[in-house]
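2 protein chains.
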Amino acid sequence: MSSTVVKALMLLEHFSEDEPELGLSELARRSGVDKAAVHRMLGAMAETGLVEQQADSRLYRLGAGVLRLARVRETAFPISSIVQPILDTLSAETGETAHASLISGRALANIATCESKKGSRVSLIAGEVLPYHSTASGLAVLAFGGDALLQRVLSTSLEAKTRFTVTEASELGARVDVTREKGFSESDQTNEEDVHGIAAPVFDRTGMACGAVSVSTPSHRMTEVQRDLTIGAVLRAGSAITDGLGGQRPRSYADLIAPLMTGS
Amino acid sequence: MSSTVVKALMLLEHFSEDEPELGLSELARRSGVDKAAVHRMLGAMAETGLVEQQADSRLYRLGAGVLRLARVRETAFPISSIVQPILDTLSAETGETAHASLISGRALANIATCESKKGSRVSLIAGEVLPYHSTASGLAVLAFGGDALLQRVLSTSLEAKTRFTVTEASELGARVDVTREKGFSESDQTNEEDVHGIAAPVFDRTGMACGAVSVSTPSHRMTEVQRDLTIGAVLRAGSAITDGLGGQRPRSYADLIAPLMTGS
DNA sequence: CACCAGTGTTGATAATATAACACCGATAGG
DNA sequence: CCTATCGGTGTTATATTATCAACACTGGTG
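Chains V and R, in that order, give the protein sequences. First residue of the first sequence? That's 1287 in the numbering used here, and the numbers climb one at a time after it. First residue of the second sequence? That's 1287 in the numbering used here, and the numbers climb one at a time after it.
Here it is in structure tokens:
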């Protein structure tokens, strides 16, 4: 069912900002894969520089190869450099943390962020993988990313990240419909406690959503005024990023959000 | 002998700044792997977001996953951000193109560059993979990266990149010895025509070389004066990077290069 | 229009790399 | 000194993968 390559690459998901170095046994435990298999996979990935092993502690971490690959991609398709300034203004306009993510296989990859300047803010782990079903960004992508993607996600089991997470396919489908009608998505504490998210889709040049831009606000601070302000700002940012990437908004979507994109 | 994971990841080496998008057949041809196998491997890597397939043209390119991974690594171990300013001053001091690379599996990965401002300059492809045996950076790493690495490289077949490339293991060993005695490495047109390189090793905290910093000068422009200037600047840059990464120079090496690090 | 050369994709079967298990030496703590 | 970790290693049955061929499709050409 699942190829060894996928299994090996899934191991990389366990490296995070908080735990950038992991031991063999630890990694085997978390991934639920046999220790010997993990050892072989890490060895294979080390050969190509995707991971590297500390000589002394024997811990593994992401290798220099990922930097090289990112450079190749970013040089050819400068996404991050286009997105970052837009996120900065989005964060400034709303006063909250903004981030952008792109479709990356079976999940969303957070590729750029701008944290709020406030002391109390939503702080997210760099390079986190965001599930489609529990985040505002995910909803935005599901709503405008085509039926194939939506069906695939609906047919998977939806993990409950908090007590508010939608775990029923039918209800998730309903939320996607709402998102499609409104032109933006909204989620309250479905991925993390006390985090409210508002997101807008980003389109590629075929008119399909390829990612999303989102603003995360502490739930207790979210007011009606703040909400309206954020929706307009997020939609403008989404459009700006779509344009920056050479993407194309579907006509119906452009008409839909036009009245909402008030403000400067 | 060779695992499927390695074979799959080797496919990624064929993506470059010049050719960021490749078709299935093209990739199969270059890698010498069966088309069907390449198809399955790319599919597997697409599942995890390491590559992505254009919906319309069906071409493959590096995916958003690599950006995410690079963010995780760079947040935890901010190498690029430490190296870049040092490269900038190195390039300013020498007037030529400077770059830094790290050990990445079986080769060196170029992770940061600063191009010369001159019209005639050495321009290198972003994210290029540098062979150990044909580059000044490679020599520097081989000389100070431990015997295990050196033996492994010496036992492989050395591809002739130009008519000056060293392809005999014995001669390469001799050049490594010279490098070890001098404290820096030098190569003239061994990797590319009309490119002269001078490189210094970068050490990790165990005192082993983990990478190198190098200045590439058009061969015809390399004079005695320029050479002395460059050697001092490269050695200073190497030391600065080693310090910035929390690395540790071996005592013997520090004594060796001390008299050469003249200038500011 | 038929043809051709190219593409991406999919099955079938045979070959082989892989998963699983127990095991090893080393290290650290009680 | 015993126990519980750790990283790493063999070995064999098994499941995945490589290989080959054929497929449907495209765009260009006679």
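Backbone N, C-alpha and C fix where the C-beta goes; we use that ideal spot for every residue, glycine too.
Using a C-beta to C-beta distance shorter than 7 Å, which residues of chain V count as neighbours of G1335 (chain R)?
Locating residue 1335 (chain R) in the second sequence gives position 49, where the first residue counts as 1. Result: S1390, G1391, A1395.
Using a Cβ-Cβ distance cut-off of 8 Å, determine whether L1373 (chain V) contacts chain R.
Start at 1 with the first residue of the first sequence, and residue 1373 (chain V) comes out as number 87. Not closer than 8 Å to any Cβ of chain R, the Cβ of L1373 (chain V) fails to qualify, so no.
Have a look at P1552 (chain V) and H1506 (chain R) and give me their C-alpha separation to the nearest angstrom.
This structure leaves residue 1552 (chain V) out entirely; chain V is present only between 1287 and 1550.
Would you please state the rounded distance, in angstroms, between the beta carbons of E1382 (chain R) and T1503 (chain R)? I believe it to be under 8 Å.
The residue you call residue 1382 (chain R) lines up with position 96 of the second sequence. The residue you call residue 1503 (chain R) lines up with position 217 of the second sequence. Confirmed, Cβ separation roughly 5 Å.
Once DSSP output is grouped into helix, strand and coil, what is the label at Y1418 (chain V)?
On the first sequence, position 132 is the one that residue 1418 (chain V) refers to. Of the three classes helix, strand and coil, the one that applies to Y1418 (chain V) here is coil, per DSSP.
Using the Cα positions of T1528 (chain R) and K1447 (chain R), report the straight-line distance between them to the nearest angstrom.
Taking the second sequence and counting its residues from 1, one reaches residue 1528 (chain R) at position 242. Taking the second sequence and counting its residues from 1, one reaches residue 1447 (chain R) at position 161. About 30 Å.
Rounded separation between C1496 (chain V) and F1489 (chain V) - CA only
Translated into positions along the first sequence, residue 1496 (chain V) becomes position 210. Translated into positions along the first sequence, residue 1489 (chain V) becomes position 203. Approximately 5 Å between the Cα atoms of the pair.
For the stretch 1521–1537 of chain V, which residues have a beta carbon sitting closer than 9 Å to at least one beta carbon of chain R?
When CB distances to chain R are screened at a threshold of 9 Å, not a single residue of the stretch 1521–1537 of chain V falls below it.
Kindly list the residues whose CB is nearer than 6 Å to the CB of C1400 (chain R), restricted to its own chain and excluding five residues on each side of it in sequence; keep chain order.
On the second sequence, residue 1400 (chain R) is found 114 positions in, with the first residue counted as 1. The residues are L1373, D1374, S1377, A1384.
Rounded Cβ spacing between L1416 (chain R) and S1423 (chain R) (contact assumed at less than 8 Å)
Translated into the one-based positions of the second sequence, residue 1416 (chain R) becomes position 130. Translated into the one-based positions of the second sequence, residue 1423 (chain R) becomes position 137. That belief holds up - the Cβ atoms of L1416 (chain R) and S1423 (chain R) are roughly 6 Å apart, short of 8 Å.
Per DSSP, cross-strand counterpart(s) of D1474 (chain R):
Looking up residue 1474 (chain R) in the second sequence gives position 188. BP columns for D1474 (chain R) point to R:H1482.
Determine the DSSP secondary structure at G1497 (chain V), reduced to helix, strand or coil.
The sequence position of residue 1497 (chain V) within the first sequence is 211, counting from 1. Taken through DSSP and simplified to helix, strand or coil, G1497 (chain V) comes out as strand.
Give me the residue from V:I1368, V:Q1437, V:F1430 with the minimum Cα distance to L1531 (chain V).
For the purposes of this step, residue 1531 (chain V) is taken as the residue at position 245 of the first sequence. Cα-wise, what sits closest to L1531 (chain V) is V:I1368.
Environment of S1387 (chain V) [buried if 16+ CB atoms lie within 10 Å]:
Here residue 1387 (chain V) refers to the residue found at position 101 when the first sequence is read from its first residue. Buried, because 16 or more other Cβ atoms sit within 10 Å of the Cβ of S1387 (chain V).
In the structure shown, what three-state DSSP assignment does S1406 (chain R) receive?
Here residue 1406 (chain R) refers to the residue found at position 120 of the second sequence. In this structure, S1406 (chain R) counts as coil in the three-state DSSP scheme.
For V1337 (chain V), three-class secondary structure by DSSP:
Reading the first sequence from its first residue, position 51 is the one you call residue 1337 (chain V). Taken through DSSP and simplified to helix, strand or coil, V1337 (chain V) comes out as strand.
Strictly by DSSP, which residues pair up with S1387 (chain R)?
Position 101 of the second sequence, counting from 1, holds the residue named residue 1387 (chain R). In the DSSP secondary-structure assignment, S1387 (chain R) is bridged to R:N1396, R:A1498.
The stretch 1306–1323 of chain V / the stretch 1331–1338 of chain V touching (three or more Cβ pairs under 8 Å)
Result no; under three Cβ-Cβ pairs closer than 8 Å.
Sequence-distant residues of the same chain with beta carbon closer than 8 Å to T1451 (chain V), five excluded per side
Working through the first sequence from its first residue, we reach residue 1451 (chain V) at position 165. Excluding the 5 residues flanking it on each side, T1451 (chain V) has same chain C-beta neighbours closer than 8 Å at H1419, S1420, L1444, E1445, T1476, N1477, in chain order.
So, L1355 (chain R) versus G1483 (chain V), is the Cβ gap smaller than 8 Å?
One-based indexing of the second sequence puts residue 1355 (chain R) at position 69. One-based indexing of the first sequence puts residue 1483 (chain V) at position 197. For L1355 (chain R) and G1483 (chain V), no; Cβs fall outside 8 Å.
If we count the other Cβ atoms within 10 Å of its Cβ and call it buried at 16 or more, is P1371 (chain R) buried or exposed?
Against the second sequence, residue 1371 (chain R) aligns to sequence position 85. Per the 10 Å Cβ criterion, exposed.
Identity of the residue in R:M1508, R:R1513, R:A1523 nearest A1498 (chain R) by Cα
Within the second sequence, residue 1498 (chain R) is the residue found at index 212, counting from 1. Comparing alpha carbon positions, the residue from R:M1508, R:R1513, R:A1523 closest to A1498 (chain R) is R:A1523.
Determine the closest residue to L1428 (chain V) out of V:G1469, V:L1410, V:K1403, with distance taken between C-alpha atoms.
The sequence position of residue 1428 (chain V) within the first sequence is 142, counting from 1. The candidate whose alpha carbon is nearest that of L1428 (chain V) is V:G1469.
Would you identify the three-state DSSP class for T1503 (chain V), choosing helix, strand or coil?
Here the question's residue 1503 (chain V) lines up with position 217 in the first sequence. If DSSP states are grouped into helix, strand and coil, T1503 (chain V) belongs with the strands.
On the DSSP bridge list, what partners appear for Y1539 (chain V)?
Locating residue 1539 (chain V) in the first sequence gives position 253, where the first residue counts as 1. Bridge partners of Y1539 (chain V) according to DSSP: none are assigned.
Please determine, among V:G1431, V:G1318, V:A1332, the residue with the shortest C-alpha to C-alpha distance to G1493 (chain V).
Numbered from its first residue, the first sequence carries residue 1493 (chain V) at position 207. The shortest CA-to-CA distance from G1493 (chain V) to any of V:G1431, V:G1318, V:A1332 is the one to V:G1431.
Work out the CA separation of A1322 (chain R) and E1299 (chain V) for me, nearest whole Å.
Within the first sequence, residue 1299 (chain V) is the residue found at index 13, counting from 1. Within the second sequence, residue 1322 (chain R) is the residue found at index 36, counting from 1. Near 27 Å, if we compare the C-alpha coordinates of A1322 (chain R) and E1299 (chain V).
Could you please give the first and the last residue of the uninterrupted beta strand (DSSP E) stretch that includes L1348 (chain V)?
Reading the first sequence from its first residue, position 62 is the one you call residue 1348 (chain V). Element bounds for L1348 (chain V): 1346–1348.
For L1297 (chain R) and S1317 (chain R), which I take to be in contact (beta-carbon distance under 8 Å), what is that distance rounded to the nearest angstrom?
As a working mapping, residue 1297 (chain R) is identified with position 11 in the second sequence. As a working mapping, residue 1317 (chain R) is identified with position 31 in the second sequence. Distance from L1297 (chain R) to S1317 (chain R) at the Cβ level is roughly 6 Å; contact confirmed, criterion being Cβ atoms closer than 8 Å.
Taking DSSP as the reference, what is the three-state secondary structure of F1489 (chain R)?
The residue you call residue 1489 (chain R) lines up with position 203 of the second sequence. If DSSP states are grouped into helix, strand and coil, F1489 (chain R) belongs with the strands.
List the residues of chain R that R1326 (chain V) touches, going by C-beta distances under 9 Å, in chain order.
Here residue 1326 (chain V) corresponds to residue number 40 of the first sequence, with the count starting at 1. Neighbours of R1326 (chain V) on chain R, chain order: S1289, V1291.
Can you give me the C-alpha to C-alpha distance between S1473 (chain R) and M1331 (chain V), rounded to a whole angstrom?
Mapped onto the second sequence, residue 1473 (chain R) falls at position 187. Mapped onto the first sequence, residue 1331 (chain V) falls at position 45. One alpha carbon belongs to S1473 (chain R), the other to M1331 (chain V), and they sit about 30 Å apart.
Assign S1409 (chain V) to one of two classes, buried (16 or more other C-beta atoms within 10 Å of its C-beta) or exposed (fewer than that).
For the purposes of this step, residue 1409 (chain V) is taken as the residue at position 123 of the first sequence. Exposed, by the Cβ-count rule.
With M1508 (chain V) as the anchor, note down where its alpha helix (DSSP H) starts and where it stops.
Locating residue 1508 (chain V) in the first sequence gives position 222, where the first residue counts as 1. First-last for M1508 (chain V): undefined, no H or E at that position.
To the nearest whole angstrom, what separates the beta carbons of S1471 (chain R) and A1455 (chain R), a pair I think is in contact under 8 Å?
Looking up residue 1471 (chain R) in the second sequence gives position 185. Looking up residue 1455 (chain R) in the second sequence gives position 169. Actually they are not in contact, since the Cβ atoms of S1471 (chain R) and A1455 (chain R) sit about 17 Å apart, beyond 8 Å.
Starting from D1433 (chain R), follow the alpha helix (DSSP H) in both directions and report where the run begins and ends.
On the second sequence, residue 1433 (chain R) is found 147 positions in, with the first residue counted as 1. Residues 1433–1440.
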